[in-house]
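Below is one structure; the comments refer to it alone.
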Amino acid sequence: MGGPLTSGDIEEIDGIPCLSCPWHKYKIDLRDGTRLSRPVTFDPKTRRPIPGKWESGPRCVQRVHDVRCTEDGRVEVRILEDGQVLSDKYAYSSRAARNLVGKATPFEPVDSSRPSPHAAEQPDVHRSSKRRMCTSPPGD
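Per UniProt numbering, residue 1 is the first one in the sequence shown, and the count goes up by one each step.
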């Protein structure tokens with residue numbers, strides 16, 4: 001983790017909107033931040049791989065936010081900071097920031113002087129899969 005997701009492709013896999021990490025090719029479900037995986041079985045006779053259906057993982061690995069498209073074409077984002085997710089450890093990492101421009105070296109220390117605002121929160125938050133892109137947040 002820690003790859004530059006701003007450079008990742010947005011895709012739809014089996015009807016699931018997702019973001020593909022440009023480095024690791026991990027697929028992140030844009031609705032709830034879980035990682036998608038695809039189990040593989042093998043044909044007993046030919047030993048060829050048989051890919052299964054894409055599935056969301058059991059926990060949120062990437063922070064997601066509520067997004068709404070307005071009638072005049074603007075995109076509004078409501079930042080959600082509840083709970084802790086795995087990607088938070090990269091949010092204030094100077095090394096991860098340098099990865100965006102490709103200047104990180106493998107031996108540089110990670111800047112931990114600015115802790116994540118979520119460090120004291122619960123570690124295993126699973127977000128609702130009922131999130132929808134470009135819809136009004138509750139109460140609007």
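Glycine residues also receive a C-beta, built at the ideal position from the N, C-alpha and C atoms.
Just so we're clear, the structure is a prediction, and the values are computed from it rather than from any experiment.
Pick from the options that is closest to residue i, judged by C-alpha positions
i: K27; options: E11, R48 and R68; result: E11
i: Q62; options: I13, T6, S20 and S87; result: S87
i: C60; options: Q84, T6 and V77; result: Q84
i: G3; options: E76, S20 and I16; result: S20
i: K25; options: D14, D9 and G15; result: D9
i: D14; options: L36, P49, P44 and E81; result: L36
i: D29; options: R47, D43, K45 and L5; result: L5
DSSP beta-bridge partners of residue i
i: P17; result: E12
i: T34; result: C60
i: I50; result: T41
i: D66; result: R78
i: E55; result: S37
i: K27; result: S20 and L36
Whole-angstrom C-beta distance between residue j and residue i, which should lie under 8 Å
i: V64; j: G33; result: 4 Å
i: G52; j: V40; result: 6 Å
i: P17; j: R38; result: The Cβ separation is near 16 Å, so there is no contact.
i: C69; j: V77; result: That belief does not hold up - the Cβ atoms of C69 and V77 are roughly 11 Å apart, past 8 Å.
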